Amino acid sequence: SISKRRHQNRNRSTQPQEASKSLSMADYNSSDQKTACKKHELYVSFRELGWQDWIIAPEGYAANYCDGECSFPLNAHMNATNHAIVQTLVHLMNPENVPKPCCAPTKLNAISVLYFDDNSNVILKKYKNMVVRACGCH
Amino acid sequence: GCSHYLFDGNSEVQSNFIQRRLRISEKREMQKEILSILGLPQRPRPHVSHSKFNSAPLFMLDLYNTISEEEEVPNPHRFVLATEGPPLASAQDSAFLSDADMVMSFVSLAEHDMEISLQRRHFRAFKFNLSQIPDGEAMTASELRIYKECTSQVYENGTFLLSIYQVVQEHQDRDADLFLLESRTLWTAEEGWLEFDITATSNLWVMSPHHNMGLQISVETSSGRSLRPEEAGLVGRSGALEKQPFMVAFFKVSEAHVRSTR
Chain A
310 SISKRRHQNR
320 NRSTQPQEAS
330 KSLSMADYNS
340 SDQKTACKKH
350 ELYVSFRELG
360 WQDWIIAPEG
370 YAANYCDGEC
380 SFPLNAHMNA
390 TNHAIVQTLV
400 HLMNPENVPK
410 PCCAPTKLNA
420 ISVLYFDDNS
430 NVILKKYKNM
440 VVRACGCH
Chain B
2 GCSHYLFDGN
12 SEVQSNFIQR
22 RLRISEKREM
32 QKEILSILGL
42 PQRPRPHVSH
52 SKFNSAPLFM
62 LDLYNTISEE
72 EEVPNPHRFV
82 LATEGPPLAS
92 AQDSAFLSDA
102 DMVMSFVSLA
112 EHDMEISLQR
122 RHFRAFKFNL
132 SQIPDGEAMT
142 ASELRIYKEC
152 TSQVYENGTF
162 LLSIYQVVQE
172 HQDRDADLFL
182 LESRTLWTAE
192 EGWLEFDITA
202 TSNLWVMSPH
212 HNMGLQISVE
222 TSSGRSLRPE
232 EAGLVGRSGA
242 LEKQPFMVAF
252 FKVSEAHVRS
262 TR
């Protein structure tokens with residue numbers, strides 16, 4: 310309930326050490342921001358690959374990648390599937406046999422590449438699923 | 002490798018990343034993988050000296066910038082090859098573009114102005130190589146684009162007739178057999194890109210390349226006098242680079258791209 314949560318929050322703000330202790334004790338808690346599943350930056354540079362003579366645009370693109378733990382509890386911001394939530398619980402009950410869900414892309418975007426072919430014709434092509442827009446637990 | 006710590010307010014966020022130059026073999030492997038994703042067997046080796054500033058790349062760049070603006074991905078800088086003029090792509094091109102997975106431009110391999118002496122008929126011939134179209138791409142539309150400049154010469158009614166033909170059969174001893182694709186009345190004062198729909202013809206060329214004998218255009222006054230294309234202001238090989246005629250085709254993927262196992 311809201312009133313209960315407010316009360317807890319007040320307690321948390323007055324006792325920060327207690328709160329951090331409980332966080333460190335719960336090694337499966339996803340609020341540990343160090344390891345939570347999230348999007349990371351990864352830039353693919355066509356220029357670095359030495360392709361600027363045939364790729365007209367873009368110079369490169371932000372491909373990104375997903376990395377991090379999918380641990381209990383899976384909060385809404387992690388874009389977890391229903392199955393991932395169940396799998397997390399089963400993992401807690403049976404960690405030896407059932408792994409944690411994977412941190413993977415949930416939303417991928419396309420990029421367009423403009424390039425010359427061998428005959429100096431120009432090609433503009435759309436490539437699907439090249440850019441990670443959002444990550445989540447699957 | 003090195004560890005890098007990011008500080009976000011009170012929480013310490015650690016991210017480990019490798020920051021080093023790739024070895025030559027690793028770079029080659031990376032290039033091979035990305036080329037495979039792009040559907041290319043090897044990196045193209047175009048002969049681009051000044052062709053970067055030709056009308057076809059400029060037109061394609063215009064389309065690229067249109068797509069980038071529509072996509073959610075932020076495009077911090079518009080790509081510009083030469084001085085930016087008015088957009089080359091028309092509203093119709095944008096409509097084709099929204100439905101296309103691939104757009105390809107073709108430069109004319111053989112463009113020559115000729116005259117058939119007995120009839121004093123002038124024409125300009127074009128030839129395009131469509132053999133490099135990747136497998137699994139279905140052509141949805143194609144256009145021949147010719148730039149027309151304003152001409153100072155005034156003909157009857159201030160207009161002339163431009164006709165575009167598909168070459169059906171070539172002969173050693175007589176004129177080629179032609180199939181009329183379109184005729185259009187143009188004003189002498191008119192200036193800008195002329196777009197001719199050649200979808201049916203180019204689809205025929207893709208399906209049976211031996212039928213690809215090119216296109217011809219001819220211009221005549223309303224009284225039927227044949228004009229040289231440049232008299233009508235139609236820019237050819239000797240004209241400005243950014244006004245060179247070219248062909249553009251729009252494609253839709255008709256089959257899933259399967260990458261080969263390595």
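These protein sequence lines are chains A and B, in that order.
The opening residue of the first sequence carries number 310 in my numbering; numbering runs sequentially from there.
The opening residue of the second sequence carries number 2 in my numbering; numbering runs sequentially from there.
C-beta atoms are modelled at their ideal positions from N, C-alpha and C, and glycine is treated no differently.
Keep in mind it's a predicted model, so treat the numbers as computed, not measured.
Inter-residue Cα distance where the pair is residue i and residue j
i, j, result
"Pro42/B", "Tyr156/B", "53 Å"
"Tyr166/B", "Lys347/A", "58 Å"
"Phe180/B", "Ile199/B", "12 Å"
"Asn438/A", "Ala241/B", "39 Å"
"Asp178/B", "Phe127/B", "15 Å"
"Ala335/A", "Leu39/B", "Unreliable placement is indicated for Ala335/A, whose pLDDT of 42 sits below 50; the coordinate value is still reported in the next sentence. Distance between the alpha carbons of Ala335/A and Leu39/B is about 45 Å."
"Leu383/A", "Tyr374/A", "19 Å"
"Ser255/B", "Asp100/B", "13 Å"
"Arg1/B", "Lys28/B", "An answer regarding residue 1/B cannot be provided, because it is not within the stretch 2 to 263 covered by chain B."
"Gly193/B", "Asn204/B", "26 Å"
"Trp206/B", "Ala139/B", "13 Å"
"Leu98/B", "Gly159/B", "35 Å"
"Thr152/B", "Gly137/B", "44 Å"
"Asn338/A", "Thr344/A", "Bear in mind that a pLDDT of 48 at Asn338/A, under 50, signals an unreliable position, so the number given afterwards is only what the model happens to contain. Each residue's Cα considered, the two are about 10 Å apart."
"Lys253/B", "Thr397/A", "42 Å"
"Phe107/B", "Leu131/B", "8 Å"
"Ser164/B", "Asn388/A", "59 Å"
"Phe381/A", "Pro408/A", "12 Å"
"Phe124/B", "Ala111/B", "13 Å"
"Glu405/A", "Ile25/B", "41 Å"
"Cys3/B", "Met402/A", "Confidence is the limiting factor: at Cys3/B the pLDDT is only 31, short of 50, which leaves the residue's position unreliable and the question unanswerable from this model."
"Leu228/B", "Glu243/B", "24 Å"
"Cys411/A", "Glu183/B", "59 Å"
"Thr222/B", "Lys149/B", "16 Å"
"Leu433/A", "His349/A", "28 Å"
"Ser331/A", "His400/A", "Low confidence applies here, because Ser331/A scores a pLDDT of 38, under 50, leaving its location unreliable; read the following figure in that light. Using only the alpha carbons, I get a separation of about 21 Å."
"Val353/A", "Leu36/B", "13 Å"
"Gly377/A", "Leu351/A", "15 Å"
"Ser219/B", "Gly225/B", "11 Å"
"Gln15/B", "Ser209/B", "Annotation note: pLDDT 41 at Gln15/B (below 50); position unreliable, no value reported."
"Ala372/A", "Thr141/B", "30 Å"
"Lys435/A", "Asn66/B", "13 Å"
"Glu231/B", "Ser109/B", "17 Å"
"Asn430/A", "His172/B", "29 Å"
"Phe355/A", "Ile134/B", "23 Å"
"Glu191/B", "Gly234/B", "9 Å"
"Asp102/B", "Leu423/A", "12 Å"
"Thr189/B", "Leu162/B", "10 Å"
"Gln1/B", "Pro58/B", "Given a span of 2 to 263 for chain B in the structure shown, any question on residue 1/B remains unanswerable."
beta-carbon residue i near the ligand FAD non-hydrogen atom, thresh 7 Å
i, result
"Ser223/B", "Summarising the ligand content, the structure contains no ligands, and the ligand FAD is consequently not present."
Residues that DSSP places opposite residue i in a beta bridge
i, result
"His349/A", "Tyr374/A"
"Glu27/B", "The partner list for Glu27/B (beta bridge, DSSP) is empty, contrary to what the question assumes."
"Phe127/B", "Leu216/B"
"Ile364/A", "Tyr424/A"
"Lys244/B", "Lys244/B pairs with nothing; no bridge assigned."
"Ile147/B", "Leu195/B"
"Gly234/B", "Gly234/B pairs with nothing; no bridge assigned."
"Phe161/B", "Leu187/B, Thr222/B"
"Phe251/B", "Val104/B, Ala142/B"
"Leu228/B", "Val220/B"
"Cys379/A", "According to DSSP, Cys379/A bridges with nothing at all."
"Gln170/B", "Asp178/B"
"Gly359/A", "Beta-bridge pairing links Gly359/A to no other residue."
"Val441/A", "Leu417/A"
"Ser354/A", "Gly369/A"
Could you tell me which uninterrupted alpha helix (DSSP H) segments, each at least 4 residues in length, are contained entirely in the region 384–436 of chain A, listed from first to last along the chain? Entirely contained in the region 384–436 of chain A, the alpha helix (DSSP H) runs reaching 4 residues are, in chain order, 391–402.
Listed from N- to C-terminal order along the chain, which residues in the region 376–396 of chain A have their beta-carbon within a distance smaller than 8 Å of any beta-carbon of chain B? If the cut-off is 8 Å between Cβ atoms, the region 376–396 of chain A has nothing near chain B.
Please give the ranges of any beta strand (DSSP E) in the region 177–201 of chain B, keeping only runs that are unbroken, at least 3 residues long and fully inside the region. Whole beta strand (DSSP E) segments, 3+ residues: 178–188, 193–198.
With three or more C-beta pairs closer than 8 Å as the rule, is the region 161–175 of chain B touching the region 210–223 of chain B? With contact defined as three or more Cβ pairs closer than 8 Å, the region 210–223 of chain B and the region 161–175 of chain B are in contact.
Taking a Cβ distance cut-off of 8 Å, strictly less, list which residues of the region 425–437 of chain A are near chain B, in chain order. If the cut-off is 8 Å between Cβ atoms, the region 425–437 of chain A has Phe425, Asp426, Asp427, Asn428, Ser429, Asn430, Val431, Ile432, Leu433, Lys434, Lys435, Tyr436 near chain B.
Taking 8 Å as the cut-off, does the region 440–447 of chain A touch the region 408–426 of chain A (at least 3 CB pairs, one atom from each stretch)? The way I'd put it, the region 408–426 of chain A does touch the region 440–447 of chain A; three or more beta-carbon pairs between them come closer than 8 Å.
Does the region 241–251 of chain B come close enough to the region 137–146 of chain B to have 3 or more Cβ pairs within less than 8 Å? Result yes; three or more Cβ-Cβ pairs closer than 8 Å.
Just by C-beta distance, which residues in the region 191–213 of chain B are closer than 8 Å to chain A? Cβ contacts with chain A come from no residue of the region 191–213 of chain B.
Check whether the region 354–366 of chain A and the region 57–68 of chain B are in contact - that is, three or more C-beta pairs closer than 8 Å. Flag = yes, the region 354–366 of chain A and the region 57–68 of chain B touch.
Note down, in chain order, all residues in the region 136–159 of chain B with a beta-carbon under 7 Å from any beta-carbon belonging to chain A. So nothing in the stretch comes that close.
Could you name the residues of the region 213–232 of chain B whose beta carbon sits closer than 7 Å to any beta carbon of chain A, in the order they occur along the chain? Flagged: no residues at all.
According to a CB-to-CB cut-off of less than 8 Å, which residues of the region 409–422 of chain A neighbour chain B? Against chain B - using a Cβ distance shorter than 8 Å - the residues of the region 409–422 of chain A are Asn418, Ala419, Ile420, Ser421, Val422.
Residues from the region 98–113 of chain B in contact with chain A, defined by Cβ distance under 7 Å: Answer set for the region 98–113 of chain B: Asp102, Met103, Val104, Met105, Ser106, Phe107, Val108.
Listed in chain order, which residues of the region 54–65 of chain B have Cβ atoms closer than 7 Å to some Cβ of chain A? So the close ones are Ala57, Pro58, Met61, Leu62, Leu64, Tyr65.
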